[in-house]
Amino acid sequence: MLDPTRLRLLRDLAEYGTMTAVGEVNGMTSSAVSQHLARLEREAGVRLFHRAGRRVRLTAEGNRLVGHAHTVLNALDAAEKDLREAGTPRGPVRVATFATAAVRDLLPAVRAARTRFPELRVVIRELEPADAVAALREEHCDLAITYAYSLLPEPAPEGLDVRTVRSEPVLVALPAGHPAARDLVDLRELASEPWIVGSRGTADHRLIERAAALAGFRPDTGHSADDYALILQMVRHGLGVALVPESGADGAPPDVVLRPLADLPLSRAVHALTRHSTLAVRAVLDLLAGEGGEVPVQDAVALRGGVQAVGEEVRTVAQGVPHVDVVDVVRGAPGADGLA
Numbered sequence: 000m001l002d003p004t005r006l007r008l009l010r011d012l013a014e015y016g017t018m019t020a021v022g023e024v025n026g027m028t029s030s031a032v033s034q035h036l037a038r039l040e041r042e043a044g045v046r047l048f049h050r051a052g053r054r055v056r057l058t059a060e061g062n063r064l065v066g067h068a069h070t071v072l073n074a075l076d077a078a079e080k081d082l083r084e085a086g087t088p089r090g091p092v093r094v095a096t097f098a099t100a101a102v103r104d105l106l107p108a109v110r111a112a113r114t115r116f117p118e119l120r121v122v123i124r125e126l127e128p129a130d131a132v133a134a135l136r137e138e139h140c141d142l143a144i145t146y147a148y149s150l151l152p153e154p155a156p157e158g159l160d161v162r163t164v165r166s167e168p169v170l171v172a173l174p175a176g177h178p179a180a181r182d183l184v185d186l187r188e189l190a191s192e193p194w195i196v197g198s199r200g201t202a203d204h205r206l207i208e209r210a211a212a213l214a215g216f217r218p219d220t221g222h223s224a225d226d227y228a229l230i231l232q233m234v235r236h237g238l239g240v241a242l243v244p245e246s247g248a249d250g251a252p253p254d255v256v257l258r259p260l261a262d263l264p265l266s267r268a269v270h271a272l273t274r275h276s277t278l279a280v281r282a283v284l285d286l287l288a289g290e291g292g293e294v295p296v297q298d299a300v301a302l303r304g305g306v307q308a309v310g311e312e313v314r315t316v317a318q319g320v321p322h323v324d325v326v327d328v329v330r331g332a333p334g335a336d337g338l339a
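Here's what the structure looks like:
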């Protein structure tokens, strides 16, 4: 039987290319690494590598075995992790999320975790939905929080478990005193207004284009911003009107009103995506759903509003967020330090 320790060394050899580098990573001398790999060749019964100067190149058989090594080692790591977690949620859970979901959903969940699961540590990275899904697929995070607008459906990402955290209305932001600022707003009344939108290509930009098309007009989209707080200030100062998710309207200026649309009810669904369901991940999902709640698994292709919005989520300034000392917030692309 092939030895897992030697398989790990072969996997590292494929990545680092020299016995010396493999030894440094594993706390061994290069000669010890060489001896282990020589034994692995004897166990496998085929030539796995050959030397080319200081570097070592894998044979075709060596590369095939590296593929199997990844499968075996990942399974062993998962088994060890499962046994460690048995009974009590513990250890880090890496969550990639967009800003408003972090403020509205994730930070309260982490706050509750301090009492219920003191050994559980949530590590937060702010990423846009498409980047969060990519990070989840590449195993740079354990849970991804994404969003989708009801007018912009997307198929559920294949191979991922998708759960709905909540759905929120999308409101139209108007200056106080605007003639259309009644309890319900007819979108067609705003056809001649300038619209403040997200950057071109984002979901927020495409949302107003789609909504306006259904209402029979083409919007004037001269102004753009990728920050909800800035958008609301622009509305306040009379630069235009905008569509804003309810959670993005937290802390809206008092002279800006937010109203639902009468003719075209819009919503934004917030989803939690996972690849591997560990005890710790399930604990975070339950906390996202509320104390003792359960988040229903959605059908893989029948999600209302889809799963992932293409483009960036416009950011908002956190208003009144409690201090949460068990959370590390990490910004950056997938694979950054601390989340690899």
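Mapping of the sequence shown onto numbering that gives the first Met the number 0: residues 0 to 339, in sequence order.
We put the beta carbon where it would ideally sit given N, CA and C, even for glycine.
In the three-state DSSP reduction, T163 falls in the strand class (E or B). C-alpha of L229 to C-alpha of I195: approximately 10 Å in a straight line.
Take A13, set aside five residues on each side of it, and the residues of its chain with a beta-carbon closer than 8 Å to its own are L57, G61, N62 and V65, in chain order. For E42, DSSP records no beta bridge to any residue. T87 sits in coil when the DSSP states are folded into three classes, being neither helix nor strand. Sixteen is the threshold: when 16 or more other Cβ atoms of the shown chains lie within 10 Å of the Cβ of T163, as they do, the residue is buried. Taken atom to atom, the span from the alpha-carbon of S29 to that of A59 is near 23 Å. Exclusion of the five residues before and after A43 leaves L1 and L64 as the residues of its chain whose Cβ lies within less than 7 Å of its Cβ. With distances taken between CA atoms, A51 lies nearest to M18 out of E153, M18, V240 and S191.
For L231, the closest of K80, L260, S246 and P107 by C-alpha to C-alpha distance is S246. For the pair P107 and L286, the Cα-to-Cα distance works out to about 8 Å. Under the three-state reduction of DSSP output, D2 falls in the coil class, being neither helix nor strand. By the Cβ-count criterion, E127 is buried, with 16 or more other Cβ atoms from all chains shown falling within 10 Å of its own Cβ. Here the C-alpha atom of G215 lies approximately 14 Å from the C-alpha atom of L206.
Of the residues D141, L135 and V132, the one whose Cα lies closest to the Cα of R120 is D141. For L257 against A172, the beta-carbon gap comes to about 5 Å, under 8 Å, which counts as contact.
Collapsing the DSSP output to three states places A13 in a helix. The beta carbon of T87 sits closer than 8 Å to the beta carbons of F116, E118 and L278 from its chain, once the five residues preceding and following it are set aside; these are given in chain order. The straight-line gap separating the alpha-carbon atoms of I123 and E153 is approximately 25 Å. In terms of Cβ geometry, A68 and R10 form a close pair [threshold 8 Å].
Here the C-alpha atom of P174 lies approximately 5 Å from the C-alpha atom of V255. Residue pairing from DSSP leaves D285 without any beta-bridge partner.
In terms of CA proximity to R165, A100 leads the group A100, R187 and L150. Here G61 carries a helix assignment [DSSP, helix/strand/coil]. Distance check between D203 and each of R181, S266, G158 and R41 places S266 closest, using alpha-carbon atoms only.
The beta carbon of R53 sits closer than 7 Å to the beta carbons of T17 from its chain, once the five residues preceding and following it are set aside; these are given in chain order. For A202, the uninterrupted alpha helix (DSSP H) run begins and ends at A202 to A214, by DSSP. A77 sits exposed, since fewer than 16 C-beta atoms from the chains shown fall within 10 Å of its C-beta. Beta-bridge partners of A268 (DSSP): A147 and S166.
Sixteen is the threshold: when 16 or more other Cβ atoms of the shown chains lie within 10 Å of the Cβ of A282, as they do, the residue is buried.
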